[in-house]
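Below: the structure, in structure tokens.
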Amino acid sequence: MEPEKFIVEVEPAKEAKDGKPSMGPVYRSVFAKDGFPPPIDGLNSCWDIFRLAVEKYPDNKMLGTREFVNGKHGKYVWLTYKQVYDKVIQLGNAIRACGVEPGGKCGIYGSNCTEWIISMEACNAHGLYCVPLYDTLGAGAIEFIICHAEVTIAFVEEKKINELLKTFPKAGEHLKTIVSFGQFTPEQREQFSKFGLAIHSWDEFLSLGENKKFDLSVKDKDDICTIMYTSGTTGDPKGVLISNKNIVTLTAGVRRLLESCNEALTSSDVYLSFLPLAHIFDRVIEECFIYHGASIGFWRGDVKLLIEDIGELKPTIFCAVPRVLERIYSGLQHKVSSGSYFKYKLFNLAYSYKLHNMKGGSKHEEASILSDKLVFTKVKQSLGGRVRIILSGAAPLAPHVESFLKVVACCHVLQGYGLTETCAGSFVSLPNQMSMVGTVGPPVPNLDARLESVPEMNYDAVSSMPPRGEICIRGDTLFLGYHKRQDLTKEVLIDGWFHTGDIGEWQPDGSMKVIDRKKNIFKLSQGEYVAVENLENIYGLVPAVDEIWVYGNSFESYLVAVVIPNKHAVENWASGNNLSEDFTSLCGNPKAKDYILGELNRIGKEKKLKGFEFIKAVHLEPVPFDMDRDLLTPTFKKKRPQLLKYYQSTIDDMYKSLNNK
Numbered sequence: 001m002e003p004e005k006f007i008v009e010v011e012p013a014k015e016a017k018d019g020k021p022s023m024g025p026v027y028r029s030v031f032a033k034d035g036f037p038p039p040i041d042g043l044n045s046c047w048d049i050f051r052l053a054v055e056k057y058p059d060n061k062m063l064g065t066r067e068f069v070n071g072k073h074g075k076y077v078w079l080t081y082k083q084v085y086d087k088v089i090q091l092g093n094a095i096r097a098c099g100v101e102p103g104g105k106c107g108i109y110g111s112n113c114t115e116w117i118i119s120m121e122a123c124n125a126h127g128l129y130c131v132p133l134y135d136t137l138g139a140g141a142i143e144f145i146i147c148h149a150e151v152t153i154a155f156v157e158e159k160k161i162n163e164l165l166k167t168f169p170k171a172g173e174h175l176k177t178i179v180s181f182g183q184f185t186p187e188q189r190e191q192f193s194k195f196g197l198a199i200h201s202w203d204e205f206l207s208l209g210e211n212k213k214f215d216l217s218v219k220d221k222d223d224i225c226t227i228m229y230t231s232g233t234t235g236d237p238k239g240v241l242i243s244n245k246n247i248v249t250l251t252a253g254v255r256r257l258l259e260s261c262n263e264a265l266t267s268s269d270v271y272l273s274f275l276p277l278a279h280i281f282d283r284v285i286e287e288c289f290i291y292h293g294a295s296i297g298f299w300r301g302d303v304k305l306l307i308e309d310i311g312e313l314k315p316t317i318f319c320a321v322p323r324v325l326e327r328i329y330s331g332l333q334h335k336v337s338s339g340s341y342f343k344y345k346l347f348n349l350a351y352s353y354k355l356h357n358m359k360g361g362s363k364h365e366e367a368s369i370l371s372d373k374l375v376f377t378k379v380k381q382s383l384g385g386r387v388r389i390i391l392s393g394a395a396p397l398a399p400h401v402e403s404f405l406k407v408v409a410c411c412h413v414l415q416g417y418g419l420t421e422t423c424a425g426s427f428v429s430l431p432n433q434m435s436m437v438g439t440v441g442p443p444v445p446n447l448d449a450r451l452e453s454v455p456e457m458n459y460d461a462v463s464s465m466p467p468r469g470e471i472c473i474r475g476d477t478l479f480l481g482y483h484k485r486q487d488l489t490k491e492v493l494i495d496g497w498f499h500t501g502d503i504g505e506w507q508p509d510g511s512m513k514v515i516d517r518k519k520n521i522f523k524l525s526q527g528e529y530v531a532v533e534n535l536e537n538i539y540g541l542v543p544a545v546d547e548i549w550v551y552g553n554s555f556e557s558y559l560v561a562v563v564i565p566n567k568h569a570v571e572n573w574a575s576g577n578n579l580s581e582d583f584t585s586l587c588g589n590p591k592a593k594d595y596i597l598g599e600l601n602r603i604g605k606e607k608k609l610k611g612f613e614f615i616k617a618v619h620l621e622p623v624p625f626d627m628d629r630d631l632l633t634p635t636f637k638k639k640r641p642q643l644l645k646y647y648q649s650t651i652d653d654m655y656k657s658l659n660n661k
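Written out as structure tokens, the structure reads:
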């Protein structure tokens, strides 16, 4: 029996011609088979999203922050849509009173909070370019963005003010006004004044907008709304020009998608804002919530306290990056394995039974009602008890984690795919479709997608089954180009198609599986090409491996790897082998290295990898890759050149050891 197909073909494939590679058929979502969603009435800009929500839901709770009383965080305290609107108008007037005109560049630097959103909406109100400054990047990148975007006014979290000072005097060529989300010190005022800058507290700056009234600028769909700088794995950040049309088009597409799946957003929905607003993923999600008059509560900024914030807020939609979901998965696995034998067996029995039924086509809420009530309800309550959708994005989610959470979290667990250049959501898996585990689902219903062959990597988008090639996207969610980098824009925007650089594989049901990265390919000394991301995805299936970076030197014939082992797995193995060392010491133990290498070889054989794709030596690293050492981008993608530089001596030692055997 043929699987249900969630895409429709709108243009046929094109064979290779005039030196151009062949291109597969153009597909779009089955939910858009009769055409893309029409523009929403009155919605021409991001300002309209907010303005219409205020008109429709003035008294709804909009932005919430946990109150801090007697040294403890308590309940969420809320501002209504109307209260936020009044502050936005006041802030906008203050910005204009400083001489910033429509089209001016306004930077926002800090963690998600009420002031962040109010600053963003003030930009939307007056046609200013909102330029997020990465909360997780160092002064070098902040200085580059301020100068490259020509930011004249910046709103800054209190604890980031000293970081901002490090960008001077260079940043002072453009930046003239600083506004703290809270207060600032007399010393900081003095330091900024040396560079001719005015610095204001939040309340002081708001007062500048009192008794002022500036007309709101006329906003067009094609006007630039924000310049989002992507954290490239190499080189300077690229400023992605996002228009009002991009965001309002995506909003209409998300509405069509969720309504088609009977999971429409409503004004009763609650969202936990903890993914960085400086990234497009969270920005567009929050725009969708604002459009529906829903509520957004902010976390406290500490990942260790995230579960507590979730318990207090009780969100209905939870969006996360895989690293957060993997932490939840590991915590749950540890809890189950450390419980009584009876509870362990009961959990596994309930899990297997429900998973079997879901794979057989049962909806998650019907697959095993008894298991949900007796076994999995505690997991649901740990996420606040009301979550109906978990959405993972920004990086691949391991299939075993996805399957596990689909069963135990008692809600839909969906995986999405998109880039800053495509305004985030481009593909997303669908509810109650277990065949989509390990994929990013079909295209969202406001864009076209196709694969383009990559002959040098043996990926064929036309004749191979399944079709494989570079994922290309077309539609009104595509960015307008890279700020001041027309050369880079021309490289990726060709004949209306954005070339993502990711290699995808169409599945029989029309979902997309991301299997590789076009540029993450290298050649070993015997002339064999290695698609490294594909290998990392396979080796990442090993439960004893949390993270892995695979490396191959073109002057060597085999691969080596740096592995971040799973602490619980390694400690359990050590216990069974009468080793009593701590985790850090175990990572240096040759027996532990042999254990991990054996596990990697086992999965390699299981997945029928070629001989040259097997890893011959590993270094076990007890400390996860992080941004502090510049090994990851803020969206947790590996910075391969930086990893090589950091581990160069380790790599050299592994090759030297192998060659001396």
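Mapping to the UniProt record's numbering: the sequence shown position 266 is 266, numbers consecutive.
Glycine included, each C-beta is placed from N, C-alpha and C at the ideal position.
Tell me the residue span of the beta strand (DSSP E) that contains I515. Residues 512-517.
Requested in this report: Confirm the yes/no value for this check: CB of K661, any heavy atom of the ligand MN, distance under 7 angstroms.
Outcome: Ligands are entirely absent from the displayed structure, and the ligand MN is therefore not among its contents.
**Prompt:** Does the beta carbon of K170 come closer than 8 angstroms to any beta carbon on chain B?
**Reply:** Protein chain content of the structure displayed is limited to a single chain, and chain B is not contained in it.
* **DSSP state of V563 mapped onto helix, strand, coil** => strand
W47 in three-state terms, based on DSSP: helix
Output yes or no for whether 8 angstroms exceeds the beta carbon distance between E456 and L535.
no
Original post:
Would a C-beta distance cut-off of 8 angstroms place L272 and F281 closer than the cut-off?
Top reply: No, Cβ-Cβ distance for L272 and F281 is not below 8 angstroms.
| message | With three or more beta-carbon pairs closer than 8 angstroms as the criterion, would you say the region 338-354 touches the region 413-427? | response | no
Exposure of G24, with buried meaning 16 or more beta-carbon neighbours within 10 Å: buried
Subject >> Contact between the region 287-298 and the region 51-69 (3+ Cβ pairs under 8 angstroms) >> reply: yes
With distances taken Cα to Cα, identify the nearest neighbour of N659 among A617, A394, K354. A617
From F205, S119, L370, V437, residue whose alpha carbon lies closest to that of L277
The shortest C-alpha to C-alpha distance from L277 to any of F205, S119, L370, V437 is the one to S119.
Problem - DSSP state of R485 mapped onto helix, strand, coil - result: Here R485 sits in coil by DSSP.
Alpha carbon to alpha carbon, how far is E312 from E150?
40 angstroms
Task: C-beta atoms of V387 and L355 nearer than 8 angstroms - done: no
Going straight from the alpha carbon of L383 to that of E15, what length do you get? 50 angstroms
Contact between the region 144-160 and the region 91-108 (3+ Cβ pairs under 8 angstroms): Yes, they touch.
### Task
Please state whether DSSP places M23 in a helix, a strand or coil.
The answer is strand: DSSP assigns M23 an E or B state.
Item to check | 8 angstroms contact criterion, which I596 and V560 should meet: CB distance rounded | outcome: Actually they do not touch by this definition, with Cβ atoms about 12 angstroms apart.
For G393, which residues of its own chain have a beta-carbon under 6 angstroms away from its beta-carbon, when the five flanking residues on both sides are left out?
Taken in chain order, the residues that qualify are F281, G416.
### Task
Quick one: give me the first and last residue of the alpha helix (DSSP H) that C410 is part of.
No alpha helix (DSSP H) holds C410; DSSP gives it neither H nor E.
Secondary structure, alpha helix (DSSP H): runs of 4+ residues fully inside the region 598-659: 640-646, 648-659
Note to self: Measuring CB atoms only, is the region 209-220 touching the region 184-196, in the sense that at least three cross pairs come out at less than 8 angstroms?
What the structure shows: no
* Among the residues of its own chain, which have a CB less than 6 angstroms from the CB of E505, if the five just before and after it don't count? -> P466, R468, K513, I515
task = Since I believe M627 is in contact with S511 (beta carbons under 8 angstroms), could you give me their beta-carbon distance rounded to a whole number of angstroms?
result = 31 angstroms between Cβ atoms; not a contact.
If you scan the region 261-304 from start to end, which runs of the beta strand (DSSP E) of 3 or more residues do you find wholly inside it?
270-273, 295-298
message = By alpha-carbon positions, which one of E263, R327, N93 ends up nearest to L306?
response = Put simply, of E263, R327, N93 the residue whose alpha carbon is nearest the alpha carbon of L306 is R327.
Q. Quick one: what's got a C-beta closer than 8 angstroms to L206's C-beta in the same chain, skipping five residues either side?
A. K87, Q90, L91, A94
- Selection from P237, D309, L257 that minimises the alpha carbon distance to V270: D309
Query raised in the report: Is the beta carbon of Y27 less than 8 angstroms from the beta carbon of E55?
Result: No Cβ-Cβ contact shorter than 8 angstroms links Y27 with E55.
Give me the DSSP bridge partner(s) of V387.
For V387, which the question treats as bridged, DSSP gives no partner whatsoever.
Margin query: Measuring alpha carbon to alpha carbon, tell me which residue in S463, N537, K176 is nearest G438.
Written below: N537
Given a cut-off of 8 angstroms, decide if E287 and I117 are closer than it, judged by their beta-carbon atoms. no
query: What number of angstroms, rounded off, separates the C-alpha of S554 from the C-alpha of H279?
result: 35 angstroms
The region 477-494 / the region 571-579 touching (three or more Cβ pairs under 8 angstroms): no
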